[in-house]
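Data first, discussion second: the structure below is written as structure tokens.
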């Protein structure tokens, strides 16, 4: 089959060609619950750039060359002997983690802390015609949703949903939520906020195009990240800051600013990464803030997100590229030229 | 009346005499809900050392000279014309914050975010014979409890209770909580953990005497903070870390170590302060940890803590000093020579 | 001043004149925090019919004659000496309960369990030109909202909000909520459901006009209560029933039907009343259902509801009557001829 | 193998011989995840009497003759080809429900609402030498715990734990919990209450022996159910009632009394069954009570309960009978002559 293969890291993201489009062996069913999916769409994620930069190299045991792509949807191509929940031909979206169902974390519903392979990160992923996954990871798509149109929900959407769901649980009418970043994750997160609670939503981004998308997604206010964004958010919240700040950027000035935008007794949610949290413990106790890490989302989070999508309560903005154009997509992402999310179509 | 007065900051805590024991004017009833309390006991807190060091100077508008002491209990001496809930002679413990009851935060039960004066921090406190407070701050003591024996609950106890209550809400049987520090706050926090949940409790401290007190308070395991404490905690938790780490120290190596002792999807609670949180956003998302600031506690938290004390479910270890010996108490605290909490007795 | 006075009970609601429109003495400021409000609008509630029927006679110590009307908004006419939060002329909505702020329930934010007078139920209410209330009960209106247009939020809206807020806390995307009754409370409840969560909303009512209003309010599905409503709801929920059933009727067949419409592990919320819950304990354990009583709402619930109203996320459907026409309004309510809520305008 | 077989219902529990001790065919491994357990102990439950009475006849599709016993522990005898988590010889306790792991309820951690067989209720159970169960239902026992000593945790303990865990989540220090019934479930429930929260515990039972056991289990107060138990509980709670009432009886006067013992805004938990809830909707709204059905418990509940048992925080009081004496055990249970829980030992 064809795939876009990562052969070497590129610590400064300087090469024009990050991956190589070529023929590779097809994945095979090897155990009872294996499933092969014919990829309909594979989202291109900032994490893929972080992988290329080597940021994940010491965290996961993957050996190069391998195939990136952890945000996938498609159709069932083949199933292991124990698979009963899906059948060949079914359209599916793939939860990114092949979690171990027998662990205590899984028995409690915390799939993300139930171990397991993460195709596209620690094993071959979906920048390919075929993907090997497992039955536990699959959700059948309703007729309203086509694989290539929903693939970004599998990670970008799921991650945004997971963090926003935590925030929505404490956001009351009259409260305010800030979303930092209105890109691939952020533009979904804004819509999920509007769907799950009645808080006002302020969106902060450096790009006017992103802020325009944010307004289309339902933002109450938009703020240009021009260096005065903290003051702007404080002004919009009567000087108090927001009850929830959801940081889809997580690097550069976003982190310190996000903490400053958070009101006393409020919550700062980290979703994007690459930067560093630095805050005095005295500041933490005087303000009684909470800082929350967020790791993708659970299987049932993805089921819930697909329910939102099926009802039209969230809509993806995507830009399609051929699998053979993976490098173009990655470069466009690196250069901030994608509105919403890039998706590779085999 | 007599009081121990702070006349100047001492940024390095080098002087033998931090405060001066002298005559000062008595506080007066000035408004409807003012209450004057004859101090029975005033706890000596590490925050008092931080005040002397000037750490609070830019945070609160207090002018020197003033009287420290934010951890008080005693008997009602005089009441304003609007006071109906307490009467002269009643034994009371004083919630440290004179919160504004009409604010939305107060209406929701979040006294600590309802503004107001904080005697001993931003106005005269309880290192004195008399203290001016307000009706909303007072809880009548049951007969079982004498003011000098419970004064440290007003801040040390309340702060420990507030943080532990958050942790106990998610600690399940089989889970593990780490308490860093078994001093004034920690030795109460350990007992509250044992009272509110069934998690195992590991206590980490540099001092063998503190660890002995921790065991008396119900610690399941104790770990000497000798540089290998992270490894020791990981070993005691099967390599995973603890579901909750409650850091009563919050400075030095405690912060970084506390975060490392926290398991994936676990919570790190900041109670002590003076140090700094530094952690990569990538680490936060991969581990999905939560970092929680804690600010004293609410009025109802203090009511609940007094219920625990009344039932003998928490017991204070205190060391009494005369008000005239305030400097000795402060020096002993600075030098780590107090088991439990120092209390000034006028 | 003019008022519509209840002189005697009418156990079968048979008389044409329930109340008498007449001159009565004006209320006076008697204590520090009393406030007199010039009534701008007073909602007419099914509870008023229940009062006339004598249903509340043994529950509250009110003596006839007295003035009903527990759902009020208007302008400040006079204030007691201790009042600082509002001033003469301010437009306000009146929380129905004059709660005792010093009780533990109030300190925890549970106003409704903090005792106190309930004007219109246990003392004179708002079917009058002037109403005596207290500072703690008042919320200033934003410029967008006029008293006569928001009065029904003070009880009908608040009660609906309080119950729906509990339900929204567990309703996930893909879940379903049933609202039984789309009248004064129900038509607000439906909008609050849509604002606070993303669940599908099925509305059940006997009246086609009410179902039409329900659809305007955002109902996903409407079901005529024609005797087959349980089957219809089960059919719409794949046979499982709804995760939340909010019963704004609470009498007749609604109660048994509401319980049957509730899915296993689901919640049945009682808001309306007059009927009886009857269910085998075996049925309760096998289905693991929860039955939840709901009592009006807290002060902060009302603050949140006004935030929704201010943003246009809920809108009242009202029908105005002159205070002198109170009997007409009560008869129309009794006869099911009011779309939304009746409001008396002095 | 030997088993105690139920051949016919006995609607009035009048026969001396409910079951017949006889040879029956052994269960066989039939599918991948089947496990055969050699029974070490099988608890005798009031539900077994309810089965004999025919109370479950229309609820579950079981055909007589069959083998009761849904509360089992033992050693692994044989495993299906897919089983990897346990091996022959392992001591295990058996969660009573063979839940379907792929359902959404299971993915969210709600095993009890994840369908599946319930051996002892809808298929052959543990009143036998061998029991067929499934890998998903098994928890390995620590060395401290022997199968015959822990079998009652599998249902009586799990059910008590599940209900008490819900109650402990809202019981604050100073609050009060009532346990109605200190028998097989109740005596565990009392200990779980003491382990999970700091509320006072009042135990109500008709039997002095049961109240004595309750005191040994940690009850703060005990009340004889002599017709004045409601007044006694109200007197012990300052007239207000208890924040949580956990009804392990659920029939006769217990239900109405339990509701009366519940304070305003409090919770009444149904665990035992056989009776009926009857309460006016007006009473429910005025008091804002919540009535909670409880269905056994989840797999992770059982893991947590075993953690409590392993630490000695709960201890079972059992009375052992030979499997051949099953009828004696059932008669003793019927006649209220068992302290704690009866266990059949093959």
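Chains as they are written, first to last, in my numbering: chain A, 202 to 547; chain Y, 202 to 547; chain F, 202 to 547; chain B, 202 to 547. Where a beta carbon is used, it is the ideal one built from N, C-alpha and C, also for glycine.
Which runs of the alpha helix (DSSP H) fall wholly inside the region 455 to 537 of chain A and span at least 4 residues, in chain order? 455 to 462, 482 to 488, 500 to 511 and 527 to 535
Among B:542, B:276, B:357 and B:322, the one whose alpha carbon lies nearest that of residue 498 of chain B: B:357
Kindly give me the distance between the Cβ atoms of residue 386 of chain Y and residue 449 of chain Y, rounded to whole angstroms, as I take these residues to be in contact under 8 Å. 5 Å
Using a Cβ cut-off of 8 Å (strictly closer), state whether residue 233 of chain A contacts chain B. yes
Under 7 Å from the C-beta of residue 493 of chain Y: neighbouring residues of chain A: 491
Residue 446 of chain Y beta carbon less than 8 Å from that of residue 381 of chain Y: yes
Return helix, strand or coil for residue 349 of chain A, following the three-state DSSP convention. helix
Run through chain Y and tell me which residues come within less than 7 Å of residue 309 of chain F, C-beta to C-beta. Below the 7 Å Cβ cutoff, chain Y contributes 310 and 501 as neighbours of residue 309 of chain F, in chain order.
Output, in chain order, the set of chain A residues within a Cβ distance shorter than 8 Å of residue 269 of chain Y. Residues of chain A passing the Cβ test: none, with the nearest at roughly 17 Å.
Nearest-angstrom Cα distance between residue 379 of chain B and residue 405 of chain B? 7 Å
Proximal residues to residue 240 of chain Y (C-beta, below 7 Å), its chain only, five neighbours per side dropped: 273, 275, 327, 329, 330, 331, 332 and 547
Proximal residues, the region 419 to 439 of chain B versus chain A, C-beta separation under 7 Å: Taking a C-beta cut-off of 7 Å against chain A, none of the residues of the region 419 to 439 of chain B qualify.
Taking a cut of 7 Å between CB atoms, which residues from the region 356 to 383 of chain A lie near chain D? You won't find chain D in this structure, because its protein chains are A, Y, F and B.
Could you list which residues in chain F have their beta carbon closer than 7 Å to that of residue 504 of chain A, in chain order? The contacting residues are 375.
Beta-carbon contacts of residue 277 of chain A that lie in its chain and below 7 Å, excluding the five residues immediately before and after: 236, 238, 287, 288, 289, 290, 291 and 293
Sorted by chain position, which residues of the same chain lie with C-beta nearer than 7 Å to residue 227 of chain B's C-beta, five sequence neighbours on each side aside? Excluding residues within five positions, the ones whose Cβ falls inside 7 Å are 202 and 331.
Find out if the Cβ-Cβ distance for the pair residue 517 of chain B, residue 541 of chain B is shorter than 8 Å. Between residue 517 of chain B and residue 541 of chain B, the gap from beta carbon to beta carbon is short of 8 Å.
Among the residues of its own chain, which have a CB less than 6 Å from the CB of residue 412 of chain B, if the five just before and after it don't count? 406 and 423
Taking C-beta to C-beta, are residue 208 of chain Y and residue 265 of chain Y nearer than 8 Å? The Cβ-Cβ distance between residue 208 of chain Y and residue 265 of chain Y falls below 8 Å.
Taking the Cβ atom as the reference point for each residue, do residue 482 of chain A and residue 478 of chain Y lie within a distance shorter than 8 Å? yes
Quick test of your reading: residue 476 of chain A and residue 442 of chain A, contact by CB under 8 Å. State the CB separation rounded to the nearest angstrom. The Cβ separation is near 20 Å, so there is no contact.
Please state whether the Cβ-Cβ distance between residue 337 of chain F and residue 302 of chain F is less than 8 Å. yes
Given that a residue counts as buried once 16 or more other Cβ atoms are within 10 Å of its Cβ, and exposed if not, what is residue 489 of chain Y? buried
Below 8 Å on the Cβ atoms is my contact criterion, and I expect residue 545 of chain B with residue 245 of chain B to pass it. Report the Cβ-Cβ distance as a whole number of Å. 6 Å
What is the DSSP secondary structure of residue 150 of chain B, counted as helix, strand or coil? What the structure shows of chain B is the stretch from 202 to 547, and residue 150 of chain B is not part of that stretch, so it cannot be assessed.
Going residue by residue through the region 287 to 347 of chain F, where are the continuous alpha helix (DSSP H) segments of at least 4 residues, counting only ones entirely within it? 305 to 308
For residue 317 of chain F, decide whether its Cβ has a neighbour in chain Y, counting only Cβ atoms nearer than 8 Å. no
Rounded to whole angstroms, how far is the Cβ of residue 458 of chain F from the Cβ of residue 430 of chain F, which I believe are closer than 8 Å? 6 Å
Interfacial residues, the region 387 to 418 of chain B to chain Y, with Cβ spacing under 7 Å: 396, 397, 398 and 399
Taking C-beta to C-beta, are residue 259 of chain A and residue 500 of chain A nearer than 8 Å? Residue 259 of chain A places its beta carbon 8 Å or farther from that of residue 500 of chain A.
List the endpoints of the continuous alpha helix (DSSP H) containing residue 284 of chain B. Per DSSP, residue 284 of chain B belongs to no alpha helix (DSSP H) and is neither H nor E.
Just to make sure I have the definition right: I need the residues of chain B whose C-beta is within less than 7 Å of the C-beta of residue 508 of chain Y. Which are they? 374 and 375
My output table needs one value for residue 242 of chain F: the three-state DSSP class, helix, strand or coil. When DSSP states are grouped into helix, strand and coil, residue 242 of chain F belongs to the strand group.
Integer Cβ distance of residue 309 of chain B from residue 310 of chain A, believed to fall under 8 Å: 5 Å
Return no unless some Cβ of chain Y is closer than 8 Å to the Cβ of residue 305 of chain F. yes
Can you give me the Cβ contacts of residue 367 of chain F inside the same chain, cut-off strictly under 6 Å, excluding the 5 residues immediately before and after it? none
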